[in-house]
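Trainee:
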Amino acid sequence: MDTNDVLVFTSAVSSGSLAAAARRLGITPMVATRRLAGLEAELGVRLLHRTTRSLSLTPEGESFLPFAQALVDNEAAAMALLHSGTESASGLLRMSVPISFGLKFIMPIVPRLLEDNPDLRISVDMTDSLPDLVTTGTDLAIRIARLRDSSLIARKLADNPRVIVASPRYLARRGVPLSLDDLANHDCLPLAGATHWTFREHGDERHARLNGRFSCSSIAGCYTACLGGAGIALLSTWYAADDIKAGRLVPIDFPGAQPEPINIWAVYPTTRLVLPKVRVFIAALRTALAEAGIEGTTE
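For the sequence shown, the working numbering begins at 558 and goes up steadily by one.
(1) Please list, in chain order, all residues of the same chain as I892 whose beta carbon is under 6 Å from its beta carbon, the five residues on each side excluded.
(2) From D800 to L806, what distance separates their C-alpha atoms?
(3) Count the C-beta pairs between the segment 684-695 and the segment 724-739 that are closer than 8 Å, then say yes if the count reaches three, no if not.
(4) Which runs of the alpha helix (DSSP H), 4 residues or longer, sit entirely within the segment 694-760?
(5) From L670 to A845, what does the alpha carbon distance come to, in whole angstroms?
(6) Could you say which of V565, C773, E817 and L605 lies nearest to G760 if we only look at CA atoms?
(7) For the beta strand (DSSP E) that contains M652, what are its first and last residues?
(8) Put E817 into one of helix, strand or coil per three-state DSSP.
(9) Kindly give me the distance between the Cβ atoms of R766 and A741, rounded to whole angstroms, as I take these residues to be in contact under 8 Å.
(10) Quick one: any contact between the segment 558-573 and the segment 593-607, if contact means 3 or more CB pairs under 8 Å?
(11) What whole-angstrom Cβ distance do R712 and A823 have, given they're in contact under 8 Å?
(12) In angstroms, rounded to a whole number, what distance separates the CA positions of M558 and A578?
(13) Evaluate A841 with the Cβ neighbour count: other Cβ atoms within 10 Å of its Cβ, from every protein chain shown; 16 or more gives buried, anything less gives exposed.
(14) Using the C-alpha atoms, what's the distance from S611 back to T585?
(15) Apart from the five residues just before and just after L649, which ones in its own chain have a Cβ nearer than 7 Å to its Cβ?
(16) Which class does M683 belong to by DSSP, given the choice of helix, strand or coil?
(17) In angstroms, rounded to a whole number, what distance separates the CA positions of A749 and R580?
(18) So which of G694, T615, L660 and A598 has the shortest CA-CA distance to S571?
(19) Could you tell me the distance, in whole angstroms, from the CA atom of A625 to the CA atom of H753?
(20) Any idea if I663 is buried or exposed, counting beta-carbon neighbours within 10 angstroms, 16 or more meaning buried?
(21) In or out: K859 buried (at least 16 other Cβ within 10 Å) or exposed?
(22) Counting along the chain, where does the beta strand (DSSP E) carrying R607 start and finish?
(23) Express the C-alpha separation of T794 and P747 in angstroms, rounding to a whole number.
(24) Using the Cα positions of D739 and P826, report the straight-line distance between them to the nearest angstrom.
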């Protein structure tokens, strides 16, 4: 049984169509169709019901799917084990990264990664939401958050301290908040859906209620609005550092209270052995974080 044929089958199921599977695998739709047909012929059963607009598993396909996925995963793990002593990476690395973090840390290391690994290809989805890693075929996601999904496999890369900031223009107009309770009377700039910011105050967790007329699905939008004087933002320290140094943003301290600490995580879709392409990327990112003075990186 050709694992390339099996991979077409599992990719078609996870992505919802043969065309999407072909794009993910870097082959033409005709080749994907031929490989699936070859697998079905070899097995002597039909695995998928296919129309021009939909795809669904047959009963035989449902029975075969877990074995097919195990076959694909085992081959990938075996290849990773055999090449674990090398520093080169190959194949297509699909990753999902937050927009601001991606621009600051990921994009600058991409050129060197591609130069040092001629057989490596990289596809980056820049979004502040966490996609379904299995369905989208994502190899790795980088997230700055308090992770709540216990089904995810996550490894801490670094600490990520945060700071409350506002522009001099805003503070001149509205004054400086002196306590967490004062935030309710200011224009705060939270991520969409957030109703409060969490702090650690004298060892206890404290929620500061937010009011304001602005929110954004990306922290990059909150940052830009804050620079323009729209209100107060909660940003990663590395994100605000240059603007604080230049006087474009002013840090706001609350006695005894610090923003809730969160971490930078590498998130994987399964427990299988980490592939060389992922391992090489993580090593490069760790180096970039260390050079930027972001503490708490772990091996």
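No residue lacks a Cβ here, since even glycine has one placed at the ideal position from N, Cα and C.
Mentor: Put simply:
(1) Absent from the model: residue 892. The displayed extent of the chain is 558 to 856, so no value can be given.
(2) Note on geometry: alpha-carbon atoms of D800 and L806 lie some 5 Å from one another.
(3) Under the Cβ criterion (8 Å, minimum of three pairs), the segment 684-695 does not count as touching the segment 724-739.
(4) Entirely contained in the segment 694-760, the alpha helix (DSSP H) runs reaching 4 residues are, in chain order, 725-731.
(5) In this structure, the CA atom of L670 is about 12 Å from the CA atom of A845.
(6) Distance check between G760 and each of V565, C773, E817 and L605 places E817 closest, using alpha-carbon atoms only.
(7) Following the DSSP letters along the chain, one finds M652 inside the beta strand (DSSP E) bounded by residues G648 to V654.
(8) Reduced to three states, the DSSP call for E817 is coil.
(9) The pair is a contact, with the Cβ atoms about 5 Å apart (cut-off 8 Å).
(10) Note that the segment 558-573 touches the segment 593-607; at least 3 beta-carbon pairs, one per stretch, sit closer than 8 Å.
(11) About 5 Å separates the beta carbons of R712 and A823, which is inside the 8 Å limit, making them a contact pair.
(12) Taking the straight line joining both Cα atoms gives about 19 Å.
(13) A841 is buried by the Cβ-count criterion.
(14) In a straight line, the C-alpha of T585 is about 18 Å away from that of S611.
(15) Cβ neighbours of L649 beyond the five flanking positions: G583, R678 and S680.
(16) In the structure shown, the three-state DSSP call for M683 is strand.
(17) If you draw a straight line from the Cα of A749 to the Cα of R580, it comes to about 32 Å.
(18) Closest option to S571, Cα to Cα, is G694.
(19) A625 and H753: Cα-Cα distance of roughly 45 Å.
(20) So I663 counts as buried.
(21) Outside the modelled stretch of the chain, which goes from 558 to 856, sits residue 859, for which no answer is possible.
(22) Boundaries of the beta strand (DSSP E) around R607: L605 to R607.
(23) Cα to Cα, P747 sits roughly 16 Å from T794.
(24) Distance between the alpha carbons of D739 and P826 is about 41 Å.
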